[in-house]
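Asks:
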Amino acid sequence: MVTEKEKILKFLNNNKLKLSQDFGVDKIGLFGSYLNNSQNENSDVDILIEVRKEFKKYNYYYELKKFLETNIDKEVDIVYKDAINPLINMEIQKDIVYV
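Numbering (this note's numbering), first residue to last: 1200 to 1298.
1) My output table needs one value for I1287: the three-state DSSP class, helix, strand or coil.
2) Within 10 angstroms of the Cβ of D1294, are there 16 or more other Cβ atoms? Answer buried if so, exposed if not.
3) Nearest to E1253 by alpha carbon, out of F1222, M1289, L1229 and E1268?
4) Terminal residues of the continuous alpha helix (DSSP H) containing Y1257?
5) Going by DSSP in three states, L1234 sits in which element: helix, strand or coil?
6) Taking the alpha carbon of K1206 as the point to measure from, which residue in K1217, L1218, Y1233 and K1256 has its own alpha carbon closest?
7) Would you kindly check if the distance between the Cβ of K1226 and the Cβ of Y1279 is under 8 Å?
8) Since L1218 and I1246 should fall inside the 8 Å C-beta cutoff, what is the C-beta to C-beta distance between them, to a whole number of angstroms?
9) Let me know the secondary structure DSSP gives D1281 once reduced to three states.
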């Protein structure tokens, strides 16, 4: 049986070109409960991204969030790698899978 984690990672991997061209995503990774298969009905999908400077505008964030949520069929929490506390980033880096 295919897990939610596998479905999400496959979707992200299959859409790397679109994510790069349309949303400026240079790097994308899954972390949190869906990565660890410990999610529940209230969990969102935690995504860490690195984007090119010209794409760091709200409209791109909103469109990316909408694209991911529509295709993954789950609520998505997008975190910009360069916008988080370095200590939190260190913890995330211990538990993340990039595609």
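All C-beta atoms, glycine included, are put in the ideal place defined by N, C-alpha and C.
Replies: The answer reads as follows:
1) Three-state result, I1287: helix.
2) Exposed is the label assigned to D1294, since fewer than 16 other Cβ atoms lie within 10 Å of its Cβ.
3) Comparing C-alpha distances from E1253 to each of F1222, M1289, L1229 and E1268 shows the shortest one belongs to F1222.
4) Its alpha helix (DSSP H) spans residues Y1257 to I1271.
5) In this structure, DSSP gives L1234 a state outside helix and strand, which the three-state scheme calls coil.
6) Comparing Cα-Cα distances from K1206 to each of K1217, L1218, Y1233 and K1256, the minimum goes to Y1233.
7) Note that the C-beta distance between Y1279 and K1226 is not below 8 Å.
8) The pair is not a contact, with the Cβ atoms about 10 Å apart (cut-off 8 Å).
9) D1281: helix per DSSP, three-state reduction.
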